[in-house]
Each structure stands twice: as C-alpha cells, then as structure tokens.
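Just below is one structure, and these are the notes that go with it.
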Amino acid sequence: PSISRVVLHAFPTLRTTWATLLRGELDVVYDVPADAVEFIRNDDVRVVSVPRWYQYLIAFNAQHGPLRSPLVRRALNMAVDRESLLATVLNGRGSPSTGPVWPRYWAYDETVPGFPFDPQEAGELLDAAGFPLPERSDDPELPPARLRFTCLIPENFSVWERLALVVQRDLFAIGVDMQFKVVPFSEFNELIGQRKFEALIIDLISGPTAERPYLFWGAGRAAGAPRNPFGYKNADVERAFEVLRTSTNDTAVRSATHRLQRAMIEGPPALFLAWNERARAIRSGIVIPQTEGRELM
C-alpha cells in the first residue's frame, strides 16, 4: 500500500476534532454527526455521508397504562411528521422509519405501507381506543389531554432532545401530552434495565439483518432472544421471528419479513422516527475510492 502507517487519535470533544482537522493536522474524521456537517465543510474538506444501521425511535413500555394498547401506539406513529423532523433536526440526513427492519436488508418488502402522517386518523384511533379529548383538564396547571406519559431523555444528547421536542409538538396537536424526564446517561441505562419508564428516546441498532429486531423486540425463549427490555409481546411478530430464526429458504425468509413488517405496523412497539446517517470528513489531497453500496472506510 502507498500508505505505510496509520495513526488513530481520540479526542474528548467534537469541537477539538474539527479544529484539528481544519488546521491540517488530521486527514480523516471518522464519525461526524449530521447536525455538524455544515460547520466543517469547506474547500479543504470533503464530506461523505454514510447510512447507519441505527434509527431514532421512542420506545414504549408496552406494559404501562394506555401504552399497552396497539391502537394507541399506532395513533402516536401516525401523528408525527417525519419529513419535517428530518428537515428541521437532521438537516435531511437520514430517511423516515416506520418499523424495525433495515430498509436495505435483502428481504425487506418495500410494498408494505408505513405510517402516513395523518393527525385526523390518529385522533380517530385514540377515540376508538377509549381516549377522547376532554373539554377540561383534571389538573388546572395542565392542558386537557387524551392521555399523558413521560419520556426519558439522557443528559447532553442535544439531537435526541431536539427530536423529542418535535415529537412533543406533533403529539400535542392530537391531544397527547408527552412530558420529559432528563437524567444522567448512567441512570438512563439503569432505568431501561429495570423497566422503570413509560417511554424513552434512543438511537437503536436495527440492522443489517433481522437479528437485531429479534433481540430487542422478540419475546421468545430461544438462545439470545430475551434482551427485550420494553415488555413488547405480539403473537404474529413471534411467529415471523421463529421462521426468520430457523429457516434457510429464501422464499420463506422474504414471506416472514413481510409478515413481520405488517405486524409491526398493526401493533408497533415504538414510535419509529428516522434512520440516521453519519459522515466521514476527509482532507483534500487524501483520495479514498468509493464503490456503490460499500462503506467508505
């Protein structure tokens, strides 16, 4: 190879990393968040976007109060304008998500419809689930609401906070009051493990195969399955996961993936928001060949 030595540096903050790159003391910054790209792009720096296997979502404690209802969870998904969220928070760097299966997974079925942005139908679903909008609030300090729940957010995760604010605005428009509880990240992880939450925002790995969704949303007892901290159970989802776990037949895998996608639309375990991207920042003069469909590094 023409490059005989590679040196890796770790920096305590992104600001220090960018400044070092712009001074010409680095050739590549490996991981640049979407909201920081415009600050470092210039004639001396090339920025290449890279899709990730991670998606932003608000996971529900499926054993908690109103969130036990699949109709409620589906209504909340239909109340969020994902295109607006992508544009205002992620600067267009990502794609809408309506389920746990990575869209580039070979068996993914693009014909399965996701969640349309339809606040009116979302309200009708909440009516059908037994949560009409009251004329007045039981608490004089709070607005009238069909239902209320609290979303955990870890401290110092600014993008997550901004995403949660957009979701809060959209849910409020249909009469749902989502409040926030901000905690240190160590406490955030502990509360997840103990299932002491109503909802939480997270950047969850969900690809490249169906194994990740199985680990986080499956309720089966097979080896490796019970990592589900959200209490989600769905018989149709379990049947699809069982085929995916045991089958080596392509047709069966495609069919099971289709059924999994459909079941997750009918009874979603979370409010799915967006598949996200990162970027690689490369100093001019460093040429890294790109091949379609292949990770840059």
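Every letter in the sequence shown is one number past the one before it in our numbering, and letter 35, counting from 1, is 37.
Glycine is no exception: its CB is placed at the ideal position from the N, C-alpha and C atoms.
Note that the structure is predicted; figures quoted are calculated from it, not measured.
**Request:** Assuming L128 contacts V74 (C-beta within less than 8 Å), just tell me the rounded distance between them.
**Result:** 7 Å between Cβ atoms; contact.
**Asked** Using the rule of at least 16 other Cβ atoms within 10 Å of the residue's Cβ for burial, across every protein chain shown, is R280 buried or exposed?
**Response** Buried: at least 16 other Cβ atoms inside 10 Å.
**Asked** Counting pairs of Cβ atoms below 8 Å between the region 228 to 247 and the region 26 to 38, do you hit three or more?
**Response** Contact check between the region 228 to 247 and the region 26 to 38: fewer than three CB pairs, one atom from each, fall below 8 Å, which does not count as touching.
**Asked** By DSSP, does T152 sit in helix, in strand, or in coil?
**Response** Strand at T152.
**A283 and I42 closer than 8 Å at C-beta** = Taking 8 Å as the Cβ cut-off, A283 and I42 qualify as a contacting pair.
**Item:** Minimum length 4: unbroken alpha helix (DSSP H) runs contained in the region 182 to 269
**Value:** The qualifying runs are 187 to 195, 213 to 219, 237 to 248 and 252 to 268.
**Request:** Give the straight-line distance between the Cα atoms of V31 and W20, rounded to the nearest whole angstrom.
**Result:** Using only the alpha carbons, I get a separation of about 8 Å.
**Item:** Close Cβ partners of A212 (< 6 Å) along its chain, the five nearest in sequence each way excluded
**Value:** Result list for A212: L246, in chain order.
**Message:** Pairs of beta-carbons, one from the region 153 to 167 and one from the region 58 to 70, closer than 8 Å: are there three or more?
**Reply:** Touching, per the Cβ criterion.
**Message:** Give me the residue from F159, K235 and R95 with the minimum Cα distance to P72.
**Reply:** Among F159, K235 and R95, the Cα nearest to that of P72 is on K235.
**Request:** Could you pull out every unbroken beta strand (DSSP E) segment of at least 3 residues lying fully inside the region 108 to 169, listed in chain order?
**Result:** Runs of the beta strand (DSSP E) spanning 3 or more residues and lying entirely within the region 108 to 169 occur at 149 to 156, in chain order.
**Item:** Under the three-state DSSP convention, the category E40 falls into
**Value:** Correct three-state label for E40: helix.
**Asked** Taking the C-alpha atoms as reference points, what is the distance between R106 and F13?
**Response** Rounded to the nearest angstrom, the two C-alpha atoms are 32 Å apart.
**Asked** Looking at D120 and M80, is the spacing between their C-beta atoms short of 8 Å?
**Response** Yes.
**Item:** Candidates F187, K198, L193 and D172, of which the one nearest S160 by Cα
**Value:** Residue F187 holds the alpha-carbon nearest to the alpha-carbon of S160 among F187, K198, L193 and D172.
**Request:** Give the C-beta separation of A147 and V178 to the nearest angstrom, bearing in mind that I take them to be a contact with Cβ-Cβ under 8 Å.
**Result:** That belief holds up - the Cβ atoms of A147 and V178 are roughly 6 Å apart, short of 8 Å.
**Asked** Short check: CB of D205 to CB of N278, under 8 Å?
**Response** N278 is positioned such that its CB atom lies closer than 8 Å to that of D205.
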